[in-house]
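J.:
Residue numbers (the numbering used here), protein chains in the order written: chain G, 1 to 319; chain W, 320 to 987.
1. Pull up the CB-CB distance for residue 439(W) and residue 484(W), whole angstroms please, since I reckon it's below 8 Å.
2. Give me the subset of the region 210 to 238 of chain G whose CB atoms are less than 8 Å from a CB atom of chain W, sorted by chain position.
3. For the 8 Å Cβ check, are there 3 or more pairs between the region 914 to 926 of chain W and the region 866 to 883 of chain W?
4. I want to verify the contact list: residues of chain G whose CB lies under 9 Å from the CB of residue 974(W), in sequence order.
5. Going by beta-carbon coordinates alone, are residue 263(W) and residue 145(G) separated by less than 9 Å?
6. According to DSSP, what are the bridge partners of residue 892(W)?
7. For chain G, check one thing: does any of its Cβ atoms lie closer than 9 Å to the Cβ of residue 797(W)?
8. If we ignore side chains and look at the alpha-carbon of each, how far apart do residue 888(W) and residue 900(W) end up?
9. Going by DSSP in three states, residue 207(G) sits in which element: helix, strand or coil?
10. With distances taken Cα to Cα, identify the nearest neighbour of residue 290(G) among 42(G), 125(G) and 229(G).
11. Answer yes if the region 269 to 287 of chain G comes into contact with the region 104 to 118 of chain G, meaning at least three C-beta pairs across the two stretches below 8 Å, and no otherwise.
12. Examine chain G for any beta-carbon lying closer than 9 Å to the beta-carbon of residue 444(W), and answer yes or no.
13. Check the C-beta distance from residue 66(G) over to residue 629(W) and give it rounded, since I have them as a contact under 8 Å.
14. Using a Cβ-Cβ cut-off of less than 8 Å, list which residues of the region 601 to 632 of chain W approach chain G; keep chain order.
15. For residue 377(G), which residues in the same chain have their Cβ closer than 8 Å to its Cβ, ignoring the five residues on either side in sequence?
16. Between residue 853(W) and residue 191(G), what straight-line distance do the alpha-carbon atoms span, to the nearest angstrom?
17. Name, in chain order, the residues that DSSP records as bridge partners for residue 113(G).
18. DSSP beta-bridge partners for residue 37(G)?
19. Should residue 918(W) be flagged as near chain G, meaning a C-beta pair shorter than 9 Å?
20. Just to confirm, is the Cβ distance from residue 520(W) to residue 967(W) under 9 Å?
21. Nearest by alpha-carbon distance to residue 124(G): which of 202(G), 256(G) and 224(G) is it?
22. When the cut-off is 9 Å and only beta carbons count, does residue 72(G) lie next to chain W?
23. How would you list, in chain order, the residues of chain W whose beta-carbon sits under 7 Å from the beta-carbon of residue 190(G)?
24. Compute the Euclidean distance between the alpha carbons of residue 449(W) and residue 456(W), then round it to the nearest angstrom.
25. DSSP three-state label for residue 143(G), please.
26. Using only the alpha-carbon positions, how far apart do residue 149(G) and residue 178(G) sit?
27. Does any CB atom of chain G fall closer than 9 Å to the CB of residue 931(W)?
28. Hey, how far is the Cα of residue 601(W) from the Cα of residue 683(W)?
29. Using CA coordinates, which residue listed in 839(W), 940(W), 792(W) and 937(W) is at the minimum distance from residue 645(W)?
30. Please classify residue 764(W): does DSSP put it in a helix, a strand, or coil?
31. Mind checking which residues open and close the beta strand (DSSP E) that includes residue 244(G)?
32. Relative to the C-alpha of residue 436(W), which residue among 386(W), 464(W), 782(W) and 927(W) is closest?
33. Could you check whether the Cβ of residue 384(W) sits closer than 9 Å to any Cβ belonging to chain G?
34. From 269(G), 137(G), 246(G) and 57(G), pick the residue whose C-alpha is nearest to that of residue 119(G); which is it?
35. State yes or no: is the C-beta of residue 544(W) within less than 9 Å of the C-beta of residue 442(W)?
36. Among 418(W), 687(W), 356(W) and 507(W), which has the Cα closest to the Cα of residue 618(W)?
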């Protein structure tokens, strides 16, 4: 019954927007725009910025906590309106599948670049002087050994769902490492924190923008540079018989939303498309929240006061 | 009858019983593993070519259910959405009152009426506690809610409380009604039992995606998932409690000429109250246990705070939010128990005065809350506890973990490595290497011995499902991890239950610890555990044991306490020593209940698989988790069913064993 009701409301809103001029001053619909919140601060910040901007345009905004990957189910049905941070490195597949249903649309890039690679704390350099070169790393593989991995070094990969082709990389480059998957990134960084406190060897999957590279001093391992051919074509790269004999690609961070919402809140969608922020700004905001202990609202308000011209330019709505 | 049963319970020489079979099975298993390289390949590893692709058809069926299924006038999805709409309405009302207030209008010039004041709510709850319980309860409730305010957890706690206030009564009512139906009609029980097993053991992540599609994204879907998970113990305990009503009481009800309905609601249900209250306790505890997972799909509240804090490795903050969940759970549990346990008012006093006079306290409470909402518009402090006055011990806990990590890591690692190398890895290797026909054969034989050919077919059928879907190896890793954990949990839990059952003070202390372990989100201690023990099976095992311990202890206490007093008396009259009383009288008589506890321990251990997946195991839990991440409904449900089938096999075999044992002891 709710569906009939909702359809009626949406249809009514649609009729209104079609009839009246699409002015920026009056929002097209009172229906709340539902933005998804996940459990990492960066996403919390981008979403809050977007929410505040939409509110300043007169929209009703609701925040809904949703699992990063399970949220697509909600976006497809219109239960959720938009997601502000979808990393190509982790959500590309799910996003593509969701867009293929026709109910989700890609709302463009956020301007942030995701970087992910094998990472070690800086103190490892003393014990393994050739770093960050991957061959030098391979020579000190035994430094990173644990009881479970025997004489091989342990590389702590992300959750299996992150993909990343690390098992293939180890094989293709013939490295003396074993890939152990942490089930969540919380588990991954718990191990990093533990090792860092003890100044013990650690090698794992770290990505940016994230608070970890800001909190812990360390470096990314340098593999042969990534290219699409290296991933697709076995003959390219160091190992003539295998693909993945190079480093990881960096990826974009995208926004996406419910396809049906375009008709309900056209100006809002335009503003969401216009939203951009760069890595450095983001890294700094995240560090203020996670490392300095400020609240998200505090940090977002300060940024919005200082950068009014930037976000005002997103709200012009066609002129 | 009493003397006879004691006589049987004390055989002069133990008959050999099932021992030769156990030994035979063990030797067969050991031989088959050590000579596995001489066995044909297909026996050791189920061939890929023999798999049957079930997953795509389940995905397709789900798609049909969501998109095309229709009752004619409206579609299935519209049907579930309207249910969701009703729940959402209730939930919104609860959120409005407790957490968010009510907003009329939109944008920046909307009219806002704040939520109920924290001061008013504490006063009302403390007064309520005083009315239904003693001074201790009053102080405890006051302490719990004061903690929420002082530690800055109030706002989130109220969001969580709102969803619990709506979902628990529904869960309890549904559980009670189904339980009564199952008690009355054996065919209902036969039909319901496997469904209950599935509800409790199929990991929540497996059916999360379909639920999201059917009920929409947000708190309602989370609430429905919570109810699915939390209601089964209520059904089970209702049946058990009604069965436990003494024959004399039933007889009396019949003599008094009760109608069937009167007999159930005026005689049976009140008489079964203590068992039903255990059910209520379990629903509250399990609902709060789901808080973390519920927050992943939009429930918000304390669960979200825990997740968010731990993603930043703010262990102390996560712990504070986790303790808030625990305190909320225990306070709610104690309040509801006290309210249900209240002696009925003396006859005659019931009708005194008008409706207003009789309910004056409730009305005063209501007035206070409404007044606080109005007053909050003028004085914000009344609505929200001032943020500047909150305290946190977050940093302290971070330092504790850091200290442990730096100073004790090496010692811990030695212990861990020893256990890993000498116990865990060998068991794991054994389970994985065990040829599947051997294991299925042993299970089928055990089933046949314990319960005839039907019980022999069950493990074969369920095992076949695991085989043909290609999940055998993951299932073996699951059995290894859960099996070890259950053994450890039982070894700790049963003695603890025996120790605690004797004396009320011990019992209270133990139950408090157990409740804490069961409701403190495992995520809270999982992160420090990972820091100290590393990613892997060992950390997973600790989490499973901590969580699955609760039913082993609880049911042991309950079982020992409900041993009929006259049998204990009879034992004393025969001159039993304390040890004899325990081993020959109390324990055997409590055995059915304790076994139910072990049964629940297995269920709990399996339901923790999803959490163990978060620390990177390679079992069925990981399969379910991966399926969720890829929104692969079919794969998730198939893996979830495999988990459930392991549970059901264990459950049926244990139940059959327990029945046989009871028959042997003459206490059936």
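C-beta: ideal position from N, C-alpha, C; glycine also.
T.: Working from what's here:
1. Taking the second chain and counting its residues from 1, the one referred to as residue 439(W) is at position 120. Taking the second chain and counting its residues from 1, the one referred to as residue 484(W) is at position 165. Actually they do not touch by this definition, with Cβ atoms about 16 Å apart.
2. 211
3. In short, these stretches touch, since the Cβ pair count reaches three.
4. Along the second chain, read from residue 1 onward, the residue named residue 974(W) stands at position 655. Here the premise fails: no neighbours, minimum Cβ distance about 33 Å.
5. Lying before the first or after the last residue shown, residue 263(W) is absent from chain W, which here runs from 320 to 987.
6. The residue labelled residue 892(W) in the question sits at position 573 within the second chain. Residue 892(W) pairs with nothing; no bridge assigned.
7. Here residue 797(W) is taken as the residue at index 478 of the second chain, counted from 1. Closer than 9 Å: no.
8. Translated into the one-based positions of the second chain, residue 888(W) becomes position 569. Translated into the one-based positions of the second chain, residue 900(W) becomes position 581. Roughly 10 Å between the two C-alpha positions.
9. Against the first chain, residue 207(G) aligns to sequence position 207. Residue 207(G) falls in the strand class under three-state DSSP.
10. Here residue 290(G) is taken as the residue at index 290 of the first chain, counted from 1. The candidate whose alpha carbon is nearest that of residue 290(G) is 42(G).
11. yes
12. On the second chain, position 125 is the one that residue 444(W) refers to. So no, residue 444(W) is outside the interface.
13. Against the first chain, residue 66(G) aligns to sequence position 66. Against the second chain, residue 629(W) aligns to sequence position 310. Their Cβ separation, rounded to whole angstroms, is 18 Å, which puts residue 66(G) and residue 629(W) out of contact at 8 Å.
14. In summary, the residues of the region 601 to 632 of chain W whose CB is separated from some CB of chain G by less than 8 Å are 614, 615, 616, 617, 618, 619, 623, 626, 627, 629, 630, 631 and 632, in the order they occur in the chain.
15. Outside the displayed span of chain G (1 to 319) sits residue 377(G), for which this structure offers no information.
16. To locate residue 853(W), count along the second chain from 1; it is residue 534. To locate residue 191(G), count along the first chain from 1; it is residue 191. Approximately 6 Å between the Cα atoms of the pair.
17. One-based indexing of the first chain puts residue 113(G) at position 113. Residue 113(G) pairs with 252(G).
18. The residue labelled residue 37(G) in the question sits at position 37 within the first chain. In the DSSP output, where bridge partners are listed per residue, residue 37(G) has 65(G).
19. Within the second chain, the letter at position 599 stands for residue 918(W). Taking Cβ atoms only, chain G never reaches closer than 9 Å to residue 918(W), which makes this a no.
20. As a first step, residue 520(W) must be located in the second chain, where it is residue number 201. As a first step, residue 967(W) must be located in the second chain, where it is residue number 648. Taking 9 Å as the Cβ cut-off, residue 520(W) and residue 967(W) qualify as a contacting pair.
21. Numbered from 1 along the first chain, position 124 holds the residue referred to as residue 124(G). Ranking 202(G), 256(G) and 224(G) by Cα distance to residue 124(G) puts 202(G) first.
22. To locate residue 72(G), count along the first chain from 1; it is residue 72. Yes - at least one Cβ of chain W is within 9 Å of the one on residue 72(G).
23. Translated into positions along the first chain, residue 190(G) becomes position 190. In chain order: 632, 846, 849 and 850.
24. Numbered from its first residue, the second chain carries residue 449(W) at position 130. Numbered from its first residue, the second chain carries residue 456(W) at position 137. If I take the Cα positions, the gap works out to 7 Å.
25. The residue given as residue 143(G) occupies position 143 in the first chain. Residue state, collapsed to three classes: helix.
26. Position 149 of the first chain, counted from the first residue, corresponds to residue 149(G). Position 178 of the first chain, counted from the first residue, corresponds to residue 178(G). Rounded to the nearest angstrom, the two C-alpha atoms are 7 Å apart.
27. If you number the second chain from 1, residue 931(W) lands on position 612. So yes, residue 931(W) belongs to the interface.
28. Within the second chain, the letter at position 282 stands for residue 601(W). Within the second chain, the letter at position 364 stands for residue 683(W). Between residue 601(W) and residue 683(W), the C-alpha separation is close to 32 Å.
29. In the second chain, counting from the first residue as 1, residue 645(W) sits at position 326. Of the candidates 839(W), 940(W), 792(W) and 937(W), the one whose C-alpha sits nearest the C-alpha of residue 645(W) is 839(W).
30. On the second chain, position 445 is the one that residue 764(W) refers to. Looking at residue 764(W) - three-state DSSP - the assignment turns out to be helix.
31. In the first chain, the residue the question calls residue 244(G) occupies position 244. DSSP places residue 244(G) in no beta strand (DSSP E); its state is neither H nor E.
32. In the second chain, counting from the first residue as 1, residue 436(W) sits at position 117. Of 386(W), 464(W), 782(W) and 927(W), the residue nearest in Cα terms is 464(W).
33. If you number the second chain from 1, residue 384(W) lands on position 65. The Cβ of residue 384(W) sits no closer than 9 Å to any Cβ of chain G.
34. Against the first chain, residue 119(G) aligns to sequence position 119. It is 137(G).
35. Reading the second chain from its first residue, position 225 is the one you call residue 544(W). Reading the second chain from its first residue, position 123 is the one you call residue 442(W). No, they are not a contact pair.
36. To locate residue 618(W), count along the second chain from 1; it is residue 299. Distances from the alpha-carbon of residue 618(W) to those of 418(W), 687(W), 356(W) and 507(W) put 418(W) closest.
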